[in-house]
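Inspection log for the structure reproduced underneath, given as structure tokens.
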Amino acid sequence: GNHWGYGKENGPDLWHTHYPVAQGSRQSPIDIPRQVSHDPSLGPIVLDYDHCTSISISNNGHSVVVNFDDTDERSVIHGGPLENPYRLKQFHFHWGGKGCDGSEHTVAGNSYASELHLVHWNAVKYTSFDHAAAAPEGLAVVGIFLETGDDHRWLHTITDAMYMVKYKGSITDFKGFNPKCLLPSSLHYWTYLGSLTTPPLHESVTWILLKDPIAVSEKQLGKFRLLQFTGEEEDQRLRMENNFRPPQPLKGRRIRSSN
Ligand SMILES: COc1cccc(N2C=Cc3cc(S(N)(=O)=O)sc3S2(=O)=O)c1
Ligand SMILES: [Zn+2]
């Protein structure tokens, strides 16, 4: 049927027809205003990725996803606003078209070129990722902004693998990648309660947005746009770009800032 996407016929403004929660009270992304209340009780976020390694990279028809083995507590985040450790499950990106920005969250109305999402789930409170992804405290997503500048020395590993997952439904081995190398120098962050930014739009996410962007080159971003929304067998060739949802109403939510 009319599967959701980012086009005119199936884009973010129409998602509410199949996913009414799209008009809910804690939807993401949001715009981060210039002034955010500083909460001294908010400790640092800790990313324990030391023994973390990736398994595969795939194209799910909406983004490029790097998947992790989440069968133990090897790679977790804890601290900050989180009551429990959350296990890393996958990371993926959202980006724009040639010369236009594609982040999902915005800062004082400004977009970045792209946004990286590191998706973690609460294996202390929930028995599976699928349960956690639909539960109020189930997920913690770390958002990292990408701005265009110099080449990112480690992003090459990911962009070089993209030709292997050009089409929707493709997946290939991608072992030994540690996302610690994608973190900016500072782990200062904003945090608020929100949702998945794509269908099913579950309101299950504690968002942790790092304030500092990382720099990637236009050339590296260009390789993201070689990916396709469509499958190899489809005659339509749709370049994967502008796969971002615009900011949603804050609806009275509080956004807190770490130090
Ligand atoms: C039962 O719920 C499930 C089961 C399997 C996968 C998903 N997901 C779908 C979308 C989605 C969007 C994310 S974003 N852009 O906010 O970081 S994270 C994420 S997901 O949790 O992987 C949900
Ligand atoms: Zn995302």
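Just so you know, we're using the working numbering here: the sequence shown kicks off at 5 and counts up by one.
Think of the CB as a built atom: it goes at the ideal place given N, C-alpha and C, for glycine as much as any other residue.
Quick caveat: nothing in here was measured; it's all calculated off a predicted structure.
What is the DSSP secondary structure of residue i, reduced to helix, strand or coil?
i      : result
PHE228 : helix
GLY9   : coil
ILE259 : coil
ALA138 : coil
TYR90  : strand
VAL123 : strand
ALA26  : helix
PHE233 : coil
LEU285 : Residue 285 is absent from the structure shown; the chain starts at 5 and stops at 263.
PHE133 : helix
Can we count residue i as close to ligand 1, meaning its CB is less than 7 Å from some heavy atom?
i      : result
ASP134 : yes
ALA264 : In this structure the chain extends from 5 to 263, so residue 264 is not present and cannot be described.
SER115 : no
HIS206 : yes
SER32  : yes
LEU230 : no
List the residues that DSSP assigns as beta-bridge partners of residue i.
i      : result
ALA112 : For ALA112, which the question treats as bridged, DSSP gives no partner whatsoever.
ALA144 : HIS124 and THR210
ASP35  : THR110
ASP154 : Beta-bridge pairing links ASP154 to no other residue.
ALA198 : Sequence inspection shows Gly at residue 198; the Ala mentioned does not correspond to that position. VAL209, per the DSSP bridge assignment.
At a cut-off of 7 Å, would you count residue i as near ligand 2, judging by its Cβ distance to the nearest heavy atom?
i      : result
HIS96  : yes
HIS124 : no
THR267 : Past the boundaries of the shown model lies residue 267; the chain is included only from 5 to 263, so the question cannot be answered.
HIS121 : yes
Should residue i be flagged as near chain B, meaning a C-beta pair shorter than 8 Å?
i      : result
PRO217 : In summary, chain B is missing from the structure at hand, where a single protein chain is found.
How would you call residue i, buried or exposed, if buried means at least 16 neighbouring beta carbons within 10 angstroms?
i      : result
ASP17  : exposed
PRO48  : exposed
LEU230 : exposed
HIS109 : buried
GLY5   : For GLY5, the pLDDT reaches just 49, beneath the cut-off of 50, and the residue's location in the model is therefore unreliable, leaving the point undetermined.
TYR167 : exposed
CYS56  : buried
GLN224 : buried
ASN126 : buried
SER115 : buried
Starting from residue i and walking both ways along the alpha helix (DSSP H), at which residues does that stretch end?
i      : result
THR163 : 159-165
State the start and end residues of the unbroken beta strand (DSSP E) segment that holds residue i.
i      : result
TRP19  : Note, TRP19: premise wrong, no beta strand (DSSP E); not H, not E.
ASN71  : 68-72
PHE248 : Where PHE248 is concerned, there is no enclosing beta strand (DSSP E), given that its DSSP letter is neither H nor E.
ILE81  : 80-83
ALA219 : 218-220
GLY47  : Premise fails: GLY47 is in no beta strand (DSSP E) and is neither H nor E.
ASN63  : 58-63
THR176 : 175-177
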